[in-house]
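J.: Quick one: the structure is below, and I'll ask about it shortly.
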Amino acid sequence: MRITEPEMTTTQFLLIRHGESEANAGLPTPSPTEIRLTRKGREQAAAVAEQITERPDLIVTSPYLRTQETAEPFIRRHPEVPDEIWPVQEFTYLDIRRHAGTTEAERGAAVAEYWSRCDPLWKDGEGAESFTEFCARIDTAIARIRAHTGKVVAVFAHGYVIHAIEMRLAEPDETVGAGFMNRFITTWPTNAPAHCEVRRCTVSA
Numbered sequence: 004m005r006i007t008e009p010e011m012t013t014t015q016f017l018l019i020r021h022g023e024s025e026a027n028a029g030l031p032t033p034s035p036t037e038i039r040l041t042r043k044g045r046e047q048a049a050a051v052a053e054q055i056t057e058r059p060d061l062i063v064t065s066p067y068l069r070t071q072e073t074a075e076p077f078i079r080r081h082p083e084v085p086d087e088i089w090p091v092q093e094f095t096y097l098d099i100r101r102h103a104g105t106t107e108a109e110r111g112a113a114v115a116e117y118w119s120r121c122d123p124l125w126k127d128g129e130g131a132e133s134f135t136e137f138c139a140r141i142d143t144a145i146a147r148i149r150a151h152t153g154k155v156v157a158v159f160a161h162g163y164v165i166h167a168i169e170m171r172l173a174e175p176d177e178t179v180g181a182g183f184m185n186r187f188i189t190t191w192p193t194n195a196p197a198h199c200e201v202r203r204c205t206v207s208a
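Numbering of the sequence shown is given in the working numbering, commencing with residue 4 and proceeding in unit increments.
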């Protein structure tokens, strides 16, 4: 008796980082959820909507305002395509209340202290998540993409999210410990996506 192997299906997903935000431009911001795009960021969003040639089967954005503003021109271009909000928001590892109204420069010392601690279970305070929790969100997002029946999924997300997805795809069985966390942050400077950069990945169901 001949046994037919099930056909393997693949999904291409486009990872698009949001456009330049007020935080990226050095402005003080109230909270991670409410950061808006700058004028330059809106121009980048309009440009990338025209540059992407693939027609998606699904458009995904994070709950954060800057990704939704980035996705807006692309969603208008594809009104027939469903769009969903997934928990692919940026890794918020600092206490939100303590750092509300600050700039990236003003948060610099706290950022350096967090990463030098290199503790994947550490939570800085109110509204913050641990690196372990962040990676769990990333693994869930990858699983949802694998389960999607469409061929192309466009995901409007954030720099750390894109970097983490690429690392988890490359090392799916790697334990999220101090070593993985250290590699994540030390490889970030050379692998960080530019604003509105599109990266293409393929996963098998």
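C-beta atoms are modelled at their ideal positions from N, C-alpha and C, and glycine is treated no differently.
Only a predicted model underlies this, so the values are computations on that prediction, with no experimental measurement involved.
Hey, how far is the Cα of LEU17 from the Cα of ARG100?
T.: Within the sequence shown, numbered from 1, the residue matching residue 17 stands at position 14. Within the sequence shown, numbered from 1, the residue matching residue 100 stands at position 97. Cα-Cα distance, rounded: 33 Å.
J.: Starting from the Cα of ARG140, find the closest Cα among PHE159, ASN194, ALA108, ARG171 and give me that residue.
T.: Here residue 140 refers to the residue found at position 137 when the sequence shown is read from its first residue. The shortest C-alpha separation from ARG140 is found at ARG171.
J.: Near ASP127, what residues of its chain come up, given a Cβ to Cβ distance below 7 Å and the 5 sequence neighbours on each side ignored?
T.: In the sequence shown, counting from the first residue as 1, residue 127 sits at position 124. Correct list, in chain order: TYR96, LEU97, ASP98, TYR117.
J.: Which residue's Cα is closest to the Cα of PHE134: PHE94, ARG69, PRO33, ILE38?
T.: Looking up residue 134 in the sequence shown gives position 131. Considering only alpha carbons, the answer is PHE94.
J.: So, does the segment 135-154 touch the segment 56-64, judging by three or more C-beta pairs under 8 Å?
T.: Because the criterion of three Cβ pairs below 8 Å is met, the segment 135-154 and the segment 56-64 touch.
J.: My output table needs one value for ALA108: the three-state DSSP class, helix, strand or coil.
T.: On the sequence shown, position 105 is the one that residue 108 refers to. If DSSP states are grouped into helix, strand and coil, ALA108 belongs with coil.
J.: Over what stretch of residues does the beta strand (DSSP E) that includes ASP127 continue unbroken?
T.: Within the sequence shown, numbered from 1, the residue matching residue 127 stands at position 124. From DSSP, ASP127 is part of no beta strand (DSSP E); its letter is neither H nor E.
J.: Determine the direct distance from the alpha carbon of VAL164 to that of HIS21, and round the result to whole angstroms.
T.: In the sequence shown, the residue the question calls residue 21 occupies position 18. In the sequence shown, the residue the question calls residue 164 occupies position 161. About 11 Å.
J.: When DSSP labels each residue in this structure, what does VAL206 get in the three-state scheme?
T.: Within the sequence shown, the letter at position 203 stands for residue 206. It is a strand residue.
J.: Could you spell out where the alpha helix (DSSP H) holding GLU87 opens and where it closes?
T.: For the purposes of this step, residue 87 is identified with residue 84 of the sequence shown, where counting begins at 1. Element bounds for GLU87: not the alpha helix (DSSP H) but the beta strand (DSSP E), 86-88.
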